[in-house]
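Quick notes on the structure that follows.
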Amino acid sequence: MTAEEPRLTRRALLGAAALVLAGCKSRGHASSPDADAAAIASARAGELTLLSAYADGTPEHALHLTHLRALGGAAPTPGGSASPTATPAYSDVRSSVAVLQAAAAQARSGATAAMLASIAASHAVLTVPRL
Amino acid sequence: MTETEALAAAVDVENQAIYGYGLTGAHFTGADRARALAALDSHRARRDRLAAMLVRLGATPPAAAPAYSPPTPVTSATSGRALCAALEDACAGAAWDLVTASRAGSSSRSLAVTWLSEAAVAASTWRGGAANGNSAMPGQPA
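These protein sequence lines are chains A and Y, in that order. All letters in the first sequence, in the order written, are residues 1 to 131 by this note's numbering. All letters in the second sequence, in the order written, are residues 1001 to 1142 by this note's numbering.
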């Protein structure tokens, strides 16, 4: 949509923020950088769990692989260890939405929050019944 | 982008959505029309909440333009659905920006997180469902 008058440019000042995916064993404050790293690690483990439920090449597999990579993870390789290093934050798509939204609401880093909120949104789309 | 700038941009995007849904309504019947009317109410309510947040930060919400031009003409229910999906995509983008710019635990962060999911679901619905070209990362800048 184009306004008849000049208007704000929505993304004019939004830079590309790099995520620092650090170690993930912290028990720090709920809104600390370590807590962000822990939330990312738990979400990464959750995506690994979801990924294992779909065959390679399916749309759902591709979707969760994209999420896993956004979270700093790598696709499991045949014969390689796919065991998550953190406790999965979720094990099914439906329950993941609220978990990811809560993590996004509390993330200290805006970039981390947006990534978690976006994955939650993608999962929310998957929960809508198809006609 | 500051939180104030992201809120102002969000108000602007919602003003566009409100105008756009009004534009498409005449072409819809049945379930589409009911969905568009419900969306119109939701967008008005969210625009008002976003504007109130801006006022609390000491800023003046941007006024809606008298009219907006859609990217493509709306001449049928099909083109109306496409515009609604595009409007929701724009809302998802504005929500992403607001999530990024807002503080942890703030009311604007909370609203933006929920808004992002709602916009993604609405865009998918206007496109005909989850299997129809949805982004893996809704709202993320290209």
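We treat Cβ as the ideally placed atom computed from N, Cα and C, and that holds for glycine. As the structure is a computational prediction, the values presented were derived from the model and not from experiment.
Cα-Cα separation, residue i to residue j
i	j	result
residue 49 of chain A	residue 1096 of chain Y	26 Å
residue 1034 of chain Y	residue 1115 of chain Y	20 Å
residue 29 of chain A	residue 38 of chain A	Low local confidence applies: a pLDDT of 43 at residue 29 of chain A is under 50, so the model's placement there is unreliable, and no value is given.
residue 108 of chain A	residue 1021 of chain Y	35 Å
residue 1135 of chain Y	residue 1085 of chain Y	12 Å
residue 1142 of chain Y	residue 1067 of chain Y	27 Å
residue 1041 of chain Y	residue 1019 of chain Y	12 Å
residue 1038 of chain Y	residue 116 of chain A	27 Å
residue 42 of chain A	residue 88 of chain A	5 Å
residue 1078 of chain Y	residue 125 of chain A	21 Å
residue 94 of chain A	residue 1137 of chain Y	17 Å
residue 1024 of chain Y	residue 1053 of chain Y	29 Å
residue 40 of chain A	residue 1036 of chain Y	36 Å
residue 1058 of chain Y	residue 92 of chain A	42 Å
Contacting residues, own chain, Cβ-Cβ under 8 Å from residue i (five flanking each side not counted)
i	result
residue 54 of chain A	60, 61 and 64
residue 1049 of chain Y	1111
Beta-carbon contacts of residue i that lie in its chain and below 7 Å, excluding the five residues immediately before and after
i	result
residue 1094 of chain Y	1009, 1010 and 1013
Residues that residue i contacts on chain A, provided the C-beta gap is smaller than 8 Å
i	result
residue 1126 of chain Y	Chain A residues near residue 1126 of chain Y: none, gap ~12 Å exceeds 8 Å.
residue 1114 of chain Y	101
Interface flag, residue i vs chain C, CB-CB below 7 Å
i	result
residue 128 of chain A	Of the protein chains in the structure, A and Y, none is chain C.
Classification of residue i by the beta-carbon crowding that lies within 10 angstroms, buried from 16 upward
i	result
residue 97 of chain A	buried
residue 23 of chain A	Because residue 23 of chain A carries a pLDDT of 31, less than 50, the predicted location of this residue cannot be relied on, and the following value inherits that uncertainty. Residue 23 of chain A comes out exposed.
residue 110 of chain A	buried
residue 1030 of chain Y	exposed
residue 1055 of chain Y	exposed
Listed by chain order, chain Y residues near residue i by CB distance under 8 Å
i	result
residue 93 of chain A	Here the premise fails: no neighbours, minimum Cβ distance about 11 Å.
residue 122 of chain A	1120, 1134, 1135, 1136, 1137 and 1138
Residues near residue i by beta carbon distance below 6 Å, same chain, minus five either side
i	result
residue 119 of chain A	67 and 100
Residue i: contacting residues in chain A (beta-carbon distance under 9 Å)
i	result
residue 1074 of chain Y	Those within 9 Å of residue 1074 of chain Y in chain A number zero; the least Cβ separation is about 11 Å.
residue 1092 of chain Y	118 and 121
Listed by chain order, chain Y residues near residue i by CB distance under 7 Å
i	result
residue 118 of chain A	1096, 1116, 1137, 1138, 1139 and 1140
residue 114 of chain A	1096, 1099 and 1100
Interface positions of the segment 46 to 66 of chain A facing chain Y (Cβ-Cβ less than 7 Å), listed along the chain: 59, 63 and 66
Residues from the segment 98 to 110 of chain A in contact with chain Y, defined by Cβ distance under 8 Å: 101, 104, 105, 106, 107, 108 and 110
Selection of the segment 1021 to 1050 of chain Y by Cβ proximity to chain A, strictly under 7 Å: none
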